[in-house]
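Residues in the sequence shown are numbered consecutively from 20, following this note's numbering.
This report refers to the structure that appears directly beneath it.
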Amino acid sequence: MKLGLLHLYAAGHLNPSLALAAGLVERGVEVVDFNILDNAPAIERAGARFVPFGEGVMGLGYLADVARMTATLSGEASLKYFGQRMALLELTAFNELPSLIKNEAVDALIIDQLFPGGSTVAEHLGLRFITVANALLINEEDGVPPPSLPWVYDSSDAARERNRLGWDGTRKIFQPLLDLTNKQRVTWNLAPHNDFLQDAQSPLLQLAQIPAAFDFPRKQSPLNLHYVGPLRHERARQRISFPWDRLTPQPLIYASLGTLQNGISQIFQAILEAAEGLDAQIVLTLGGAQRNSSHTHVPANVLVVDYAPQEELLDRAALCVTHAGINTVIDCLSRGIPMVTIPIASEQPGNAARVVWTKTGTMVPLDQLTSERLRGAMQSVLGDDSYRKNARRFAEEIASSDSVAVATELIANTLS
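Structural data, given as structure tokens:
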């Protein structure tokens, strides 16, 4: 069997996609990943065949350009830029992918839920496809808020109406992408979509990499949706050097804002100031963000690094301070590590809301962030063992199943 892989290029989507690819390769499946040039080394390390597209508009260095643009964005500004990037990706996919996929003669496609236009390309080529939620599920229902909003689960009628309004707003945000999709679908003699997100999901199999217990209760999930759990594989892991000899015997707090929305100086400054006087060592990774002149005073108990081996540090950590990116959240849950979340953009507010709902941590909204409030949140989570106990329950559940093996088995059975 030969499968094509379409997923977003950012690390939060790349890493779980490559874990799935590595698992499929182990089963003897040939995997072809259609992606941008910057991701070639990681894709080949996972054992997949790399086929580039978009070289004229998303050439070498494009990821660094995106990182620079997104570093200081939050809220509506971040969503607007996300929409612009997705429009470029969708147009490029429509122009280039059909011929590339035909040349590779794949049997089916595995498509990231958020890859714009992926299902339309599959339909145009007459290919079966499976969709994977590398981030939070975008499957709409009244009982669950959209992923981009920090609303904790509430089963009341008022909350359901609130959620409906939230989904209406989400559709408006994605309307330009829906227009692009339908323009292409008309050209290819395909029936138009009514909803950019919902109509693009697979009728065969949908996979989600979050644990089922981490999602809000759903009553309208399709029968073909499976929560397989965190998609991780040794071949998909990036090796990062770290000064391990500089760690102290103090409790370890790992602080990371990911690799995209990581240039907001206010957040790093709050972390540095909150760390002062804490009986703990904080490892603060900048994720490639530029060091700011305001960071000149770094407390003695803080170790600042450009990049860090996240999973290895979390193995030793007592707490994680995070932007609530889905992969950091999942890495914490996999190890039973409680969190203090500072959501910035994208689906991070929805992830943070689920951290609060599952009582595996707390949330400090960005517009309410001060060093005092952050320090209080850190002390509260460290001092209340119930957060760690709740996180450990997730760790036990995740450890009881091989998520990649479950996912690849479902894929094989669906496409056999």
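We treat Cβ as the ideally placed atom computed from N, Cα and C, and that holds for glycine.
- In terms of Cα proximity to Val-324, the closest of Ser-260, Thr-389 and Cys-351 is Ser-260.
- If you ignore the 5 residues before and after Val-400, its C-beta comes within less than 7 Å of the C-beta of Leu-338, Pro-357, Val-359, Gly-380, Thr-381 and Tyr-406, all in its own chain and listed in chain order.
- Pro-222 counts as exposed, since fewer than 16 other C-beta atoms from the protein chains shown sit within 10 angstroms of its C-beta.
- Pairing Cys-351 with Pro-384, the inter-Cα distance amounts to about 20 Å.
- Look at Gly-47 here: in three-state DSSP terms it is coil, with no helix or strand label.
- Contact between Thr-427 and Gly-145 does not hold, since their C-beta atoms are separated by about 24 Å, which reaches or exceeds 8 Å.
- Under DSSP, Glu-160 shares a beta bridge with Val-163.
- Counting only runs that start and end inside the stretch 172 to 232, the beta strand (DSSP E) elements of at least 3 residues fall at 225 to 227.
- DSSP links Asn-54 through a beta bridge to Pro-71.
- In this chain, the beta strand (DSSP E) harbouring Phe-148 covers 147 to 152.
- Note on Arg-204: 16 or more other CB atoms within 10 angstroms of its CB, so buried under the neighbour-count rule.
- Between Lys-191 and Ser-93, the alpha-carbon positions lie close to 18 Å from each other.
- Across the set Ser-36, Arg-412, Asp-264 and Ala-424, the C-alpha of Ser-36 shows the shortest separation from the C-alpha of Ile-130.
- For Gly-277, there is no enclosing alpha helix (DSSP H), as DSSP marks it with neither H nor E.
- In this structure the stretch 47 to 56 lies against the stretch 20 to 27, because at least three pairs of beta carbons, one per stretch, are closer than 8 Å.
- As the crow flies, the alpha-carbon of Pro-328 is around 24 Å from that of Leu-393.
- About 4 Å separates the beta carbons of Phe-148 and Leu-128, which is inside the 8 Å limit, making them a contact pair.
- A buried status is given to Asn-58, since no fewer than 16 other beta-carbon atoms sit within 10 Å of its beta-carbon.
- One thing to note: Leu-209 has its Cβ no nearer than 9 Å to the Cβ of Ala-106.
- By the CB criterion at 9 Å, Leu-250 and Asn-158 fall outside the cutoff.
- Contact between the stretch 236 to 243 and the stretch 256 to 272 is not established, with fewer than three Cβ pairs separated by less than 8 Å.
- Inter-segment contact for the stretch 178 to 185 and the stretch 114 to 124 is absent: fewer than three beta-carbon pairs are separated by less than 8 Å.
- With 16 or more other Cβ atoms from the protein chains shown falling within 10 Å of its own Cβ, Gly-355 counts as buried.
- The DSSP-derived three-state label of Lys-238 is coil.
- Under the 8 Å Cβ criterion, the stretch 62 to 72 does not count as touching the stretch 331 to 345, having fewer than three qualifying pairs.
- If you draw a straight line from the Cα of Asn-370 to the Cα of Ala-343, it is about 6 Å long.
- Note on geometry: alpha-carbon atoms of Asp-126 and Thr-206 lie some 24 Å from one another.
- The Cβ atoms of Gly-248 and Gly-277 lie no closer than 9 Å to each other.
- Assigned with DSSP and collapsed to three states, Gln-398 falls in helix.
- By the Cβ-count criterion, Gln-220 is buried, with 16 or more other Cβ atoms from all chains shown falling within 10 Å of its own Cβ.
- Rounded to whole angstroms, the gap between the alpha carbons of Val-340 and Gln-367 is 13 Å.
- Excluding five sequence positions before and after Val-425, the CB atoms of its chain that fall closer than 6 Å to its own CB belong to Val-247, given in chain order.
- According to the DSSP secondary-structure assignment, Ile-130 is paired through a beta bridge with Leu-25 and Thr-150.
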